[in-house]
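Undergrad: Per this note's numbering, residue 4 is the first one in the sequence shown, and the count goes up by one each step. Below you'll find the structure I mean.
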Amino acid sequence: MESQLGEGASVGVEGTRLEELAPEPLLTRDYETRPSLVYERLRQQHGPVAPVDLLGVPAWLVLGYREALQVLQDDGGWPKGLQHWRARTDGEVPADWPLGPSLEVNHVLIQGGPGYGSLRTAWDAALKPFQDPGRPQAKRLKAAVTAYADELITLVGQGGGTGVADLSAQFSRPLPLMVASHLLGFPGSQGDDALMDMWRVLDAGPDAEPALERLLATLAELAAVKLEKPGDDFPSHLLAAHPGLSLDELARELFMLLGMVSDHVGILMSNTVVDVISGDGGVRASLSAGMIRETMNRVVMRKPPLVNFVPRFAAEDTPLGNYTIRAGDPVWVSAAAAQADPLFADHVASGSTISTRAHLSWGAGPRQCPARELASTVAAVGVGRLFERFSDLELALPADQLPWRSSPFMRGLRSLPVRYELVPGTPPGRAPALPPAPEAAEPVLPDRSARQRSSLWRYLTGLIRSGR
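Below you can see the structure in the form of structure tokens.
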């Protein structure tokens with residue numbers, strides 16, 4: 004596949020500095036509302052790699068599918084790790100750059116250098132019991148997802164057998180956070196309170212900074228508990244696989260799992276629901292035939308939750324697209340733009356029932372998301388349970404009027420208003436009989452009376468009351 008430039012496109016000159024190209028701001032109002040148009044304009048002007056301005060800091064944005072794979076699959080040529088960023092080393096990145104805090108929390112998603120290999124190996128080992136469908140931990144997790152989904156749907160039903168609900172706030176955002184709390188082994192309702200702080204951090208509002216401080220302190224306390232009394236949960240398995248982790252390091256890894264799984268999975272569920280209920284009848288019929296994952300694959304082709312990956316850096320001066328990227332330049336791969344690249348998208352059959360697995364939603368190469376199977380399972384079970392317990396779901400707004408929220412990394416719905424009708428007399432799902440968990444493990448669900456006193460449950464209950 005040959006790179007193509009639109010009329011008037013500029014061709015990079017070897018040795019031209021990124022800073023000399025006067026890159027245009029990426030995060031504009033147009034990007035908030037119609038990012039696909041922004042990507043296409045950049046593609047026409049620059050080809051598969053474009054200089055952009057990220058809140059005052061210049062960077063390269065990879066728009067081409069082939070070029071995205073070139074970067075993602077070559078960890079040596081395009082390493083992660085802020086120590087490779089020339090402008091940062093030279094003091095040219097402002098100390099108050101808004102994206103700085105999210106990139107400076109050194110966890111497995113960000114980290115580069117010699118320590119990454121052992122950390123990634125530990126992550127893979129710690130997640131395996133929860134991602135291997137034959138393991139009892141994975142079976143208990145799937146049962147927990149079903150039970151949490153039923154709790155949330157039953158709570159929605161307290162507003163009536165029919166009505167209007169915001170499935171983003173009342174289902175797709177809290178469900179993966181509750182599952183993440185289960186994975187982390189939070190005792191009682193402590194996890195629910197941490198989840199509310201995770202929400203505040205993800206929303207990046209005025210209370211995000213104190214929420215982040217509280218959340219990291221809570222995760223450090225949890226890490227100390229797991230170090231003293233391991234359980235059958237992710238932090239305990241991670242410590243067993245990487246005993247050298249300090250409490251601070253473990254807390255950062257737990258923060259990454261909580262944040263990445265919750266936002267990515269929540270957006271994927273909302274986008275899948277919209278795709279199903281706004282499509283033809285055959286889409287919903289395919290769900291009953293066990294095609295939920297195929298539907299999700301089609302969704303992430305068009306609307307990936309993770310639109311731009313965290314930056315990598317050129318290890319040496321390297322040609323990419325129509326430019327030469329200088330050593331130490333930041334390179335952001337855009338999954339959303341790459342999947343819309345005509346050289347890739349035109350080869351994907353939009354009407355096919357079986358979707359391609361060549362999308363980049365989980366990354367590619369050696370640093371592909373370690374929790375991709377876990378996240379896919381949570382999303383598939385959650386979406387499946389929705390359509391089992393609701394006999395009818397309709398958008399309360401036209402699909403093109405749904406409100407979106409965009410960030411440098413993620414893109415998802417701000418809200419998902421629907422008109423619903425519950426299946427009459429449908430009881431919540433029953434968890435299958437499973438091997439008992441080890442004594443040190445936390446129960447699948449926390450004490451219900453404790454949950455009802457938690458900030459998360461008070462918030463969700465308040466949504467029901469305000470909607471009446």
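Where is the CB? At the ideal position from N, CA and C, for every residue including glycine. Treat the numbers as computed from the prediction; the structure is a model and nothing was measured.
(1) Counting only runs of 3+ residues fully inside the region 303-378, write out the beta strand (DSSP E) ranges in chain order.
(2) Between the beta-carbon of residue 421 and the beta-carbon of residue 399, is there less than 7 Å?
(3) Which same chain residues, not among the five before or five after residue 72, have their C-beta less than 7 Å away from its C-beta?
(4) Quick check on DSSP: helix, strand or coil for residue 189?
(5) Out of 459, 381, 426, point me to the one whose CA is closest to residue 265's CA.
(6) With 16 as the cutoff for other CB atoms within 10 Å, does residue 356 come out buried or exposed?
(7) Looking only at its chain, what residues have a beta carbon closer than 6 Å to the beta carbon of residue 156, apart from the 5 residues adjacent to it on each side?
(8) Report the residue from 137, 42, 66 whose alpha carbon sits nearest the alpha carbon of residue 52.
(9) Give the secondary structure of residue 422 by DSSP, where H, G and I count as helix, E and B as strand, and everything else as coil.
(10) Assuming contact is defined by CB atoms lying nearer than 7 Å, are residue 183 and residue 423 in contact in what I supplied?
(11) Evaluate the contact criterion for the region 45-61 versus the region 316-327: three or more CB pairs, one atom per stretch, below 8 Å.
(12) Determine the DSSP secondary structure at residue 413, reduced to helix, strand or coil.
(13) I believe residue 61 touches residue 26 by the beta-carbon criterion, under 8 Å. Please report the beta-carbon distance rounded to the nearest angstrom.
(14) Using alpha carbons as the reference points, say which of 200, 188, 378, 201 lies closest to residue 230.
(15) Just mark residue 221 as buried or exposed, buried being the case when its beta carbon has 16 or more other beta carbons within 10 Å.
(16) Quick check on residue 426: buried or exposed, where buried means 16 or more other Cβ atoms within 10 Å of its Cβ?
(17) For a test of the three-state rule: what should DSSP assign to residue 169, helix, strand or coil?
(18) In whole angstroms, what is the alpha-carbon distance linking residue 122 and residue 316?
(19) Reducing DSSP to helix, strand and coil, say where residue 20 ends up.
TA: In short:
(1) Runs of the beta strand (DSSP E) spanning 3 or more residues and lying entirely within the region 303-378 occur at 321-323, 326-328, 333-336, in chain order.
(2) Residue mapping note: residue 421 aligns to position 418 of the sequence shown, counting from 1. Residue mapping note: residue 399 aligns to position 396 of the sequence shown, counting from 1. A contact, by the Cβ cut-off of 7 Å.
(3) Here residue 72 refers to the residue found at position 69 of the sequence shown. Closer than 7 Å at Cβ, skipping near neighbours: 367.
(4) One-based indexing of the sequence shown puts residue 189 at position 186. In this structure, DSSP gives residue 189 a state outside helix and strand, which the three-state scheme calls coil.
(5) Taking the sequence shown and counting its residues from 1, the one referred to as residue 265 is at position 262. Cα-wise, what sits closest to residue 265 is 381.
(6) For this step, residue 356 is matched to residue 353 along the sequence shown. Since pLDDT at residue 356 reaches only 42, below the 50 mark, its modelled position is unreliable, and the value read off the structure follows with that caveat. Exposed.
(7) Locating residue 156 in the sequence shown gives position 153, counting from the first residue. Closer than 6 Å at the Cβ level, and outside the excluded window around residue 156, lie 392.
(8) The count along the sequence shown starts at 1 and reaches residue 52 at position 49. When each option's Cα is compared against that of residue 52, the closest is 66.
(9) Numbered from 1 along the sequence shown, position 419 holds the residue referred to as residue 422. The DSSP-derived three-state label of residue 422 is strand.
(10) Here residue 183 refers to the residue found at position 180 of the sequence shown. Here residue 423 refers to the residue found at position 420 of the sequence shown. In this structure, residue 423 does not lie closer than 7 Å to residue 183 by Cβ.
(11) Yes, since at least three Cβ pairs between the region 45-61 and the region 316-327 fall closer than 8 Å, the two stretches touch.
(12) As a first step, residue 413 is located in the sequence shown; it is residue number 410 there, counting from the start. Note: residue 413 maps to strand in three-state DSSP.
(13) To locate residue 61, count along the sequence shown from 1; it is residue 58. To locate residue 26, count along the sequence shown from 1; it is residue 23. Right, the Cβ-Cβ distance comes to about 5 Å (below 8 Å), so this counts as a contact.
(14) Start at 1 with the first residue of the sequence shown, and residue 230 comes out as number 227. Nearest C-alpha to residue 230: 188.
(15) By 1-based counting over the sequence shown, the position of residue 221 is 218. That one is buried.
(16) Stepping through the sequence shown from its first residue, residue 426 is reached at position 423. By the Cβ-count criterion, residue 426 is exposed, with fewer than 16 other Cβ atoms from all chains shown falling within 10 Å of its own Cβ.
(17) Residue 169 sits at position 166 when you count from the first residue of the sequence shown. Per DSSP, reduced to three states, the secondary structure at residue 169 is strand.
(18) Mapped onto the sequence shown, residue 122 falls at position 119. Mapped onto the sequence shown, residue 316 falls at position 313. Spanning the two alpha carbons is a distance of roughly 20 Å.
(19) By one-based count along the sequence shown, residue 20 stands at place 17. Three-state DSSP puts residue 20 in coil, outside helix and strand.
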